[in-house]
Structures are given as structure tokens and as C-alpha cells.
Amino acid sequence: MVCACRRRSPWLFHMNAGSCNGCDIELVACLTPRYDVEQLGILVQGSPRHADILCISGPVTHNTTKAIQTVYGQVCHPKAVVAIGSCPASTNAFIGSPVVEGPLDRHIPVDVFVPGCPPRPDAIIEGIAKAAQILADRNGELATPPEKRVAQEQPQ
Amino acid sequence: MNLNTALLRLLVFPGLLFAVPAAWLFLWMERKAVALMQQRMGPPFLQPCFDFTKLMGKSAPARQGINGAFMRAWPILSVAASVGALGLLPVFLRSSGFPGDLILLIALLELPSFFIIAAGYTSRSLYGEIGSAREAVLSISYNVVFVTAILAIALSQHSFRLQDLAQNPASPLRLLGVLAIVVCIPAKLHINPFSLPNAEQEIYSGPMTEYAGPELALWEISHGLEWVAMTGLVASLVLPRTGLWWADTLLFIVISTGIVLLLSALAAATARLTIDSSVRFYWRCGLAVAVLAGLSALYLRMRL
Numbered sequence: 007m008v009c010a011c012r013r014r015s016p017w018l019f020h021m022n023a024g025s026c027n028g029c030d031i032e033l034v035a036c037l038t039p040r041y042d043v044e045q046l047g048i049l050v051q052g053s054p055r056h057a058d059i060l061c062i063s064g065p066v067t068h069n070t071t072k073a074i075q076t077v078y079g080q081v082c083h084p085k086a087v088v089a090i091g092s093c094p095a096s097t098n099a100f101i102g103s104p105v106v107e108g109p110l111d112r113h114i115p116v117d118v119f120v121p122g123c124p125p126r127p128d129a130i131i132e133g134i135a136k137a138a139q140i141l142a143d144r145n146g147e148l149a150t151p152p153e154k155r156v157a158q159e160q161p162q
Numbered sequence: 119m120n121l122n123t124a125l126l127r128l129l130v131f132p133g134l135l136f137a138v139p140a141a142w143l144f145l146w147m148e149r150k151a152v153a154l155m156q157q158r159m160g161p162p163f164l165q166p167c168f169d170f171t172k173l174m175g176k177s178a179p180a181r182q183g184i185n186g187a188f189m190r191a192w193p194i195l196s197v198a199a200s201v202g203a204l205g206l207l208p209v210f211l212r213s214s215g216f217p218g219d220l221i222l223l224i225a226l227l228e229l230p231s232f233f234i235i236a237a238g239y240t241s242r243s244l245y246g247e248i249g250s251a252r253e254a255v256l257s258i259s260y261n262v263v264f265v266t267a268i269l270a271i272a273l274s275q276h277s278f279r280l281q282d283l284a285q286n287p288a289s290p291l292r293l294l295g296v297l298a299i300v301v302c303i304p305a306k307l308h309i310n311p312f313s314l315p316n317a318e319q320e321i322y323s324g325p326m327t328e329y330a331g332p333e334l335a336l337w338e339i340s341h342g343l344e345w346v347a348m349t350g351l352v353a354s355l356v357l358p359r360t361g362l363w364w365a366d367t368l369l370f371i372v373i374s375t376g377i378v379l380l381l382s383a384l385a386a387a388t389a390r391l392t393i394d395s396s397v398r399f400y401w402r403c404g405l406a407v408a409v410l411a412g413l414s415a416l417y418l419r420m421r422l
């Protein structure tokens, strides 16, 4: 029953890791009457302690790496991470920049990537719904680091 | 009130067994009403129940020492105080109350807000401390109005017994006092326009910032129980007495629900006020109504 409730009540904490604000605006658009994520039980919380899903946008600049790890540590188990936009997935247009230390999964385990520059609100909602399902399915353990995931997927 | 009826009222009606589902219903109604007023669909009916169960299943950060013990104790004490206040509400007239229970009710209704202040300071989070300071300032202002209004009502019936207040039909004078109480409810429940203490997006979550998992779930349920207790207090003061227990219960629930809808509409229609505007509102407008009720009660008593 707790697992079903986890899927029905994902609370988000949004964090900007050097984003250009494009993805942040799209995430805020999800809360508006047009997309209304509250009908899925999704709430944006003010404190990472209250959250289940950490939404991170931006290419992870040098200044934000420590903050990301701190905030990730503050979210209580079970937790999931959604990377919003192309920046946290690949550092996008900022690739090769000396101040960018992305992609995001070098620093914390990521569960769902929502690509796009910026992604549409529909895509963000789908990503969050997937993360909520992941929360319900697994009990406590973290996302598999990317290298292992590739190794697991190859035999299939 | 003997031990059996006391336990029955504390644990069944209007206590825990009735109040927890009612708290979830009221929390849902508040969110749904706000959503409908913003032309959204809003959360599903069982959403507060989902939130509570999910939070109970989450891990909480390890807390050490005396500070940690206090952090864990505040939400439990807050829930206990709210349930105690609910148990005192005079829904049924027979076998209810003892002399002076009105004073105990005021104290129990005040305790959750005291625990919230204590929780914010104990957490030693900057945002928690700001939230607690705001809650403290706000609670001083609205409590002057709240206590004056209750005193006016008690004065008009010449009794500190809830049963006597509930037994007599609601006079126009009492409605003035009830109006002053209703004005205090938004600040007591931290809803707009007096949502300063837990101002989201502004000071994170105020005193709750450091709370997580089961502790946060207890705070949520305590908040819901406060909703039930405050609306229940107003409902039991204006309740027309039919003499039938089922009609009384039904009317009690209907009036409470009406007040919840009214307050939700107010919350959706207003924005958050700054601390000085909120305090000014209570000291000027709220207090005027309460003092008026008090003075007219005093005047009536001297004439009689």
C-alpha cells in the first residue's frame, strides 16, 4: 500500500544547476491550470527534506556541484532524480566549457532523463510519472550508476 | 464526565476515529476548492490519505541528543493537544463537560501553535527560526482577539462551561463573538491571507523545513485536526439544538464543512499579507469586533 501511495503522491524539489531558466519556466508551466499536475498528486515543495523526487535542470556548473550533493543528501529515502532538459544529460551547448562539470550523472545517480531544450511540459510530466513509478517499484535502493546500467542492458 | 465517556469522546466522536478521516476530508476540500477556483481539476479525493501513508513510509533523518528528542516530540505533542481539544467539543449535551472546560479548550487549541514555534527554534534552521518568529508575532495578535471573543461569549452566558454555552440558543451577541473567532481561524490555520509562518517559496516551509518522513506526516495530521477542532468549535457554538443525537451530529458536520468551504474560498481569493499588515488587521479590525462583543455582553449582564 505504501508503494501505491508513493506513486500517487510524488513531491518535487526543483534545483537549478546553472540552467538558463528555460527548463525552469517549463517546470513551472506544469503547475498552471493548463497542465495541472496536482491531479496526479504532484506538489512542488519548498524544502528538500519533504521531497521524493529531485528535479535538476542545468549543465552542472562548478559552483553547484557541492550544492547538488548536499541537497541530494537531504532528500530522505526512497528518492528519485529527474534530469530536466538536455543540459544535465549532455551539457548541451556548454560542452567543453571550463566551468561546466556535467553531465549530472557524474555527480549523483539519475533515474530519468527528460531531453529537450527546453522539454515540453508534457514530457516533464511523463518523466516525473516515470520517476514516481520507479519510486513505487524499488524499495529504498538508489538508481544504478550509468556504467552498470549499460552492462545490464547489453545481454538483452 | 466519567472515564468511559471521556475515552469515547477522545477516541471515537468527535475524537480520533471521526477526526482523522474528517481532517483528510477537510484538507482535500481545501485543496480542491482552491484548485476549482483556479480552474484546475485538483487532487483526487484520497490525496491527503496517500500523502500521509507515503510520508509514514519514508525514512527520517537521524537526530541525536536532547535536540533530536525534542524535534521528535513536538509533532506528537501537537497531535495530542489537537485531539484533546476535539474531545472537549460539546457536540452532545448529555454527559458532557465539567466546570471550567472552556479554559482548557482555549489552552489546548493554543498548544499546537506553541509547538510549531518551538519546533522552528529547535530545528536551528534559519528559515525555521524566521517562520517561528512570524508565528509568534502573529499568534500574539490573533490570540488577543480570539480570547476576548471567547470571554465575551462566556460572559454573556455567565459560565465557563462549554455545555452551558452550547445549550442556550445562539443570540445575536454570540454571533458577533463567533464572527471574531472566524476572523481568527485563517491565522490559526496558516492559510492565506495569513500564511506567513509557513510561507512557501519564501522561507521554504518555515518551522517545518527540517522535518521529514513520519514526523512531517504527524504535522500534516495535526494541521488537519486543527482544522476540525476550529471549525468544530464554531459549529458547536452556532449549532441549533434539535435534541436528536443524529440530527445534532449531522448539523455539526454540515456547518463545519460550510466553514471549510468559506475559508478555502478566502484562501484562494487572497494573497499573502506582510507581517505588519496582518498584525495591524488583528489589532484594529479583529479586536474592535471582539471588544464590541465583550462590552455588549458586559452591558447586558449589568442590566439584568
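In order, the protein sequences belong to chains L and G.
In this text, residue positions in the first sequence follow our numbering: the first is 7, and each later residue adds one.
In this text, residue positions in the second sequence follow our numbering: the first is 119, and each later residue adds one.
Just so it is clear, CB atoms sit at the ideal spot from N, CA and C, and this is done for glycine as well.
Partners in chain G for residue i, counting only beta-carbon separations shorter than 7 Å
| i | result |
| --- | --- |
| Q139 of chain L | Result: empty, since nearest Cβ-Cβ is about 14 Å, beyond 7 Å. |
| D42 of chain L | R158 and M159 |
| P94 of chain L | Under the 7 Å cutoff, chain G gives no residues; its nearest Cβ is about 23 Å from P94 of chain L. |
Integer-rounded CB distance, given that residue j should sit under 8 Å from residue i
| i | j | result |
| --- | --- | --- |
| G160 of chain G | K150 of chain G | 4 Å |
| L222 of chain G | L206 of chain G | 6 Å |
| N98 of chain L | P65 of chain L | 6 Å |
| V346 of chain G | L204 of chain G | 6 Å |
| T349 of chain G | I377 of chain G | 4 Å |
| I74 of chain L | I114 of chain L | 6 Å |
| P16 of chain L | I59 of chain L | 5 Å |
| R390 of chain G | A270 of chain G | Contact doesn't hold; Cβ gap of about 29 Å is too wide. |
| A141 of chain G | I339 of chain G | 6 Å |
| P325 of chain G | I234 of chain G | 5 Å |
Reference residue i, options the options, closest by Cα
| i | options | result |
| --- | --- | --- |
| L384 of chain G | G:W337, G:V301, G:G324 and G:S395 | G:V301 |
| L154 of chain G | G:A187, G:A386 and G:G295 | G:A386 |
| L444 of chain G | G:V378, G:A284, G:C403 and G:V409 | Within the shown structure, residues of chain G are numbered from 119 to 422, placing residue 444 of chain G beyond reach of any answer. |
| G91 of chain L | L:G108, L:G122, L:K85 and L:A23 | L:G122 |
| L220 of chain G | G:L195, G:V265 and G:K176 | G:V265 |
| P179 of chain G | G:T327, G:E247, G:L229 and G:D282 | G:T327 |
| L381 of chain G | G:L307, G:F370 and G:G249 | G:L307 |
| M420 of chain G | G:T392, G:H276, G:L369 and G:Y245 | G:H276 |
| V120 of chain L | L:P109, L:H20, L:A95 and L:Y78 | L:A95 |
| T70 of chain L | L:V106, L:V116 and L:Q139 | L:V106 |
| C167 of chain G | G:V263, G:L336 and G:R127 | G:L336 |
| C26 of chain L | L:V50, L:T67 and L:A138 | L:T67 |
| A198 of chain G | G:Q156, G:A353, G:L226 and G:G218 | G:L226 |
| I303 of chain G | G:T240, G:S257 and G:V209 | G:S257 |
| Y260 of chain G | G:A406, G:L416 and G:L413 | G:A406 |
| A236 of chain G | G:L145, G:V209 and G:M189 | G:M189 |
| P230 of chain G | G:R127, G:V409, G:A254 and G:S396 | G:A254 |
| F312 of chain G | G:S395, G:M147 and G:L273 | G:S395 |
Cross-chain neighbours of residue i in chain G, by beta carbon under 8 Å
| i | result |
| --- | --- |
| V8 of chain L | T171, K172, M174 and G175 |
| D143 of chain L | Near D143 of chain L there are no residues of chain G at all, since even the closest Cβ is about 14 Å away, more than 8 Å. |
| G176 of chain L | Examination of residue 176 of chain L is not possible in this model, given that chain L is present from 7 through 162 alone. |
| C82 of chain L | K176, S177, A178, P179, A330 and G331 |
Closer than 9 Å at the beta carbon, the chain L residues around residue i
| i | result |
| --- | --- |
| A153 of chain G | P39, D42, E44 and Q45 |
| L334 of chain G | R55 and H56 |
| S323 of chain G | Q51, G52, S53, R55 and H56 |
| T349 of chain G | Result: empty, since nearest Cβ-Cβ is about 23 Å, beyond 9 Å. |
Contacts that residue i makes with chain L (C-beta to C-beta distance below 7 Å)
| i | result |
| --- | --- |
| T240 of chain G | Within chain L, no residue comes near T240 of chain G; the closest Cβ sits about 15 Å away, beyond 7 Å. |
| E318 of chain G | G52 |
Residues that residue i contacts on chain L, provided the C-beta gap is smaller than 8 Å
| i | result |
| --- | --- |
| T327 of chain G | G52, S53 and R55 |
| Inside the stretch 65-124 of chain L only - alpha helix (DSSP H) runs reaching at least 4 residues | When DSSP assignments are scanned along the stretch 65-124 of chain L, the uninterrupted stretches of alpha helix (DSSP H) that are 4 or more residues long and fall wholly within it turn out to be 71-80 and 92-96.
| Which residues, in chain order, does the stretch 52-76 of chain L contribute to contact with chain G at a C-beta distance below 8 Å? | From the stretch 52-76 of chain L, only G52, S53, R55, H56 and D58 have a Cβ closer than 8 Å to chain G.
| said: Short of 7 Å Cβ to Cβ, which residues in the stretch 9-23 of chain L face chain G? | reply: Legend: CB atoms of the stretch 9-23 of chain L lying less than 7 Å from CB atoms of chain G belong to residues C11, R12, R14 and S15.
| Completely contained beta strand (DSSP E) runs for the stretch 307-355 of chain G, where each covers 3 or more residues | With a minimum length of 3 residues, no continuous beta strand (DSSP E) run stays inside the stretch 307-355 of chain G.
| request: Mind checking the stretch 97-114 of chain L against chain G and listing, in chain order, the residues whose C-beta falls within less than 7 Å of any C-beta there? | output: Closer than 7 Å at the C-beta level to chain G, one finds no residue of the stretch 97-114 of chain L.
| query | In chain order, which continuous runs of the alpha helix (DSSP H) of length 4 or greater are located wholly inside the stretch 361-389 of chain G? | reply | Whole alpha helix (DSSP H) segments, 4+ residues: 363-387.
| query | Of all the alpha helix (DSSP H) runs that stay within the bounds of the stretch 130-216 of chain G, which reach a length of 4 or more residues? | reply | DSSP runs (the alpha helix (DSSP H)) wholly in the stretch 130-216 of chain G: 134-155, 165-174 and 183-206.
| alpha helix (DSSP H) runs contained entirely in the stretch 224-264 of chain G, provided each spans 4 or more residues | Correct list: empty.
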